[in-house]
Amino acid sequence: MKASVLPLQSEKAPIMVAKTSIATRLNDPSDYSSDAIAIGAFHAIQKDILTSNSAGNYGPRQATLTNAAPWILTVEASSIDRRFIGKVVLGNGETIEGNAINGFGMRAQKLPLICAEDASACEISQMVKICDVSCLNLNETLAEGKIIFCEELIIGIDSEISKAAGKIFADDVDFNFVYPFPASCLSVRNGERVKSYINNTKYNGPGVDILAARSPIAPPSDVRRDTRYAKYSIVSGTSMSCAHALPRWRLRLWFWPYRPYKGNESRFSL
Numbered sequence: 001m002k003a004s005v006l007p008l009q010s011e012k013a014p015i016m017v018a019k020t021s022i023a024t025r026l027n028d029p030s031d032y033s034s035d036a037i038a039i040g041a042f043h044a045i046q047k048d049i050l051t052s053n054s055a056g057n058y059g060p061r062q063a064t065l066t067n068a069a070p071w072i073l074t075v076e077a078s079s080i081d082r083r084f085i086g087k088v089v090l091g092n093g094e095t096i097e098g099n100a101i102n103g104f105g106m107r108a109q110k111l112p113l114i115c116a117e118d119a120s121a122c123e124i125s126q127m128v129k130i131c132d133v134s135c136l137n138l139n140e141t142l143a144e145g146k147i148i149f150c151e152e153l154i155i156g157i158d159s160e161i162s163k164a165a166g167k168i169f170a171d172d173v174d175f176n177f178v179y180p181f182p183a184s185c186l187s188v189r190n191g192e193r194v195k196s197y198i199n200n201t202k203y204n205g206p207g208v209d210i211l212a213a214r215s216p217i218a219p220p221s222d223v224r225r226d227t228r229y230a231k232y233s234i235v236s237g238t239s240m241s242c243a244h245a246l247p248r249w250r251l252r253l254w255f256w257p258y259r260p261y262k263g264n265e266s267r268f269s270l
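270 is the number that the UniProt record's numbering gives the last residue of the sequence shown; the numbers go up by one with no jumps.
So this is what it looks like as structure tokens:
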């Protein structure tokens, strides 16, 4: 960068200019004697040419400024009066707004939604959850045609999920990135809603305050000295809900009967 920045700033000296702008930045602050931008800007200010430079994109945190030379106009970034929104519509009809710049048409099609760890061969679960590039060894067969949910925004990963249909990130960033596939970045709070939806029990049924049959020789409460008896009582728990799910599995038994497996054993043909 030194070989390109310094000649560029020196070439502007003979030209009648009052200011110049450099959009690039250093990854980390460095000594002025080895900072090409600071050196070039110093020579420019000697000729009454003001240099403006980017403050860096590592904030908002302490000690994240990358261009701190006092003779440079260091500029931060602010938001504008518009948003680029990408909506995530879950299978239960819930719609969640996120940040997205997409040039892809999903055509309102329904696609499987899975967590990143469900399509990875990596054993470091926490790294997989955030889709860390060093641990994003996705199983192409499991990822193909699916939306992958990651618990953190990671920039620059595209080849690893080339066969996935898209990605959903969960990160509290207030800006967008352009991706080579359909993507949306949700807030961490909304990301938890997506995660809860993915991990939701597939089969459930009403199990709270249910009118249920009771043994005629057992009291309606769990208190030993309760001498009352009743044929019915109000009961809560999964013992109530499992009865509601039974008809679904009964249909599976009828339409997908047992099939032979390893000799005389049988299994569901699901």
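Backbone N, C-alpha and C fix where the C-beta goes; we use that ideal spot for every residue, glycine too.
Three-way DSSP call (helix, strand, coil) for residue i in this model
{"i": "Arg250", "result": "Note that Arg250 scores 49 on pLDDT, short of 50, meaning its location in the model is unreliable; the coordinates nonetheless yield the value given after this. Residue state, collapsed to three classes: helix."}
{"i": "Leu73", "result": "strand"}
{"i": "Thr51", "result": "strand"}
{"i": "Ser159", "result": "Bear in mind that the predicted position of Ser159 carries a pLDDT of just 44, short of 50, making it unreliable; the figure below should be weighed with that in mind. In this structure, Ser159 counts as helix in the three-state DSSP scheme."}
{"i": "Ala116", "result": "helix"}
{"i": "Ala183", "result": "strand"}
{"i": "Thr141", "result": "helix"}
{"i": "Ser21", "result": "strand"}
Delimiting residues of the beta strand (DSSP E) encompassing residue i
{"i": "Ala170", "result": "Gly166 to Ala170"}
{"i": "Ile101", "result": "Ile101 -> no beta strand (DSSP E), and no H or E assigned at all."}
{"i": "Phe149", "result": "Ile147 to Cys150"}
{"i": "Tyr232", "result": "Tyr232 to Val235"}
{"i": "Ile85", "result": "Ile85 to Val89"}
Extent of the continuous alpha helix (DSSP H) to which residue i belongs
{"i": "Ile45", "result": "Ala36 to Gln46"}
Beta-carbon proximity check, residue i vs residue j, cutoff 8 Å
{"i": "residue 333", "j": "Tyr232", "result": "Outside the modelled stretch of the chain, which goes from 1 to 270, sits residue 333, for which no answer is possible."}
{"i": "Gly207", "j": "Thr227", "result": "no"}
{"i": "Gly191", "j": "Ala164", "result": "no"}
{"i": "Ile198", "j": "Ser184", "result": "no"}
{"i": "Val75", "j": "Ala44", "result": "no"}
{"i": "Ile37", "j": "Asn53", "result": "yes"}
{"i": "Ala116", "j": "Cys150", "result": "yes"}
{"i": "Gly145", "j": "Leu111", "result": "yes"}
{"i": "Ala68", "j": "Ala41", "result": "no"}
{"i": "Ser236", "j": "Asp209", "result": "yes"}
{"i": "Ile85", "j": "Glu97", "result": "yes"}
{"i": "Thr20", "j": "Thr66", "result": "no"}
CB-CB length for residue i against residue j, believed under 8 Å
{"i": "Ile147", "j": "Leu113", "result": "5 Å"}
{"i": "Met106", "j": "Pro29", "result": "About 43 Å; that fails the 8 Å criterion."}
Beta carbon proximity, residue i to chain B, threshold 8 Å
{"i": "Glu192", "result": "The chain labelled as chain B is not found in the depicted structure, where only one protein chain is given."}
Could you give the uninterrupted runs of the beta strand (DSSP E) lying entirely in the region 189–221, keeping only those of 3 residues or more? 210–213
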